[in-house]
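Heads up, the final residue of the sequence shown is numbered 282 in this note's numbering, and it's a clean run with no missing numbers.
Where a beta carbon is used, it is the ideal one built from N, C-alpha and C, also for glycine.
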Amino acid sequence: MVVPTFRPDRYLEPGRADWVHLVDRLGAVSGESVDDYAGFIAALENRRAYFKAHCAVSTDHSHADLGTERLEQREAERLYAEARAGTITAEQADALRRHLVWEMVRMATEDGLTMTVHPAVARNHLTPTFERFGADVGCDIPIALEVTRALQPALVDFGTHPNLHLVLFTLDETVFSREIAPLAGFYPSVYAGVPWWFLDAPDAIKRFRLAVTETAGFTRTSGFIDDTRAFCSIPARHDMSRRLDACHLADLVVEHRLEEDEALETIHALVADNPRKVFKL
């Protein structure tokens, strides 16, 4: 199944050189005035509703970190005005962006769109390649990620909300067992996203299952989904993922940690049930 997804990153990064132009375009498309913060939020909510009406089931987010620190309303309005005027500092832009990610979590509890995040990627790492070919040509390198404290503000406010599904993907394997699995094991809204991109390699997926399953189990993982533009690769990627999940379950059966009928039930859940549940299909 291929469905559209709302990707609002560019509108949540007020430090971008082209941010004012992008937000103006957002306002024009949504029919909302973005001269002030309230109108900007209304424009984002409008686009979320548009995508949902056109069969989207999720929003997707990728920023330098997972910060979700909420600002006071007056401060958010002030920083938005600074960004519109082009006078916002880098630190202020980061603070406003983290607040806007919190707003995305809030909106997800209201409209029911699943929220997927895959932060901490150094984009376009090789400058000459970027200058010659442009963005998204494979020069994206993982950087270290902190999850627990960064997500705490949003999870304190919304982590037990019945309408929130928050899926945590990562390119930083070190956080699987240390942070993502415990969060997914505790919060009913949080799921561990299965490996993709750099981690869509056999050994990486095996490490993912070993790192996450003991703490979070199988039901707190998302099932394999894909955002690749290379549609012809999708069957092979899904086939590899299913084979490796079957391999992991076979190991558990051989070790007498699962019965064979339990493994059969689990592989069906990983392939079919979990994605439908996580993305409310």
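- Secondary structure note for L169: its beta strand (DSSP E) is the uninterrupted segment 167–169.
- In the assembly as shown, P203 is an exposed residue. Its beta-carbon has fewer than 16 other beta-carbons within 10 Å.
- Straight-line measurement puts the Cα of F225 at about 12 Å from the Cα of A237.
- Between the beta-carbon of H119 and that of F170 there is about 4 Å, and that keeps the pair under the 8 Å contact cut.
- If you look at Y12, you'll find it isn't in any alpha helix (DSSP H); DSSP assigns it neither H nor E.
- Here DSSP, grouped into helix, strand and coil, assigns V35 to coil.
- Three or more Cβ pairs closer than 8 Å define a contact, and the region 77–91 falls short of that threshold against the region 120–132.
- Under the Cβ criterion (8 Å, minimum of three pairs), the region 138–150 does not count as touching the region 94–103.
- Residue environment for G194: buried (at least 16 other C-beta atoms within 10 angstroms of its C-beta).
- With a threshold of 16 other beta carbon atoms within 10 Å, G68 meets it and is buried.
- Here the C-alpha atom of V138 lies approximately 42 Å from the C-alpha atom of V255.
- Residue pairing by DSSP puts T222 in a beta bridge opposite A193.
- The C-beta distance from S59 to T110 rounds to 14 Å, too long to fall under 8 Å, and the pair is not in contact.
- Inclusion of C140 and L156 in the CB contact set at 7 Å is not warranted, their separation being larger than that value.
- The bridge partners DSSP lists for T117 are D61, V168.
- For A270, the three-state secondary structure derived from DSSP is helix.
- Per DSSP, N275 is one residue of the alpha helix (DSSP H) stretching across 275–279.
- Looking at the backbone, the Cα of S31 and that of L211 are separated by about 45 Å.
- Distance from V168 to T117 at the Cβ level is roughly 4 Å; contact confirmed, criterion being Cβ atoms closer than 8 Å.
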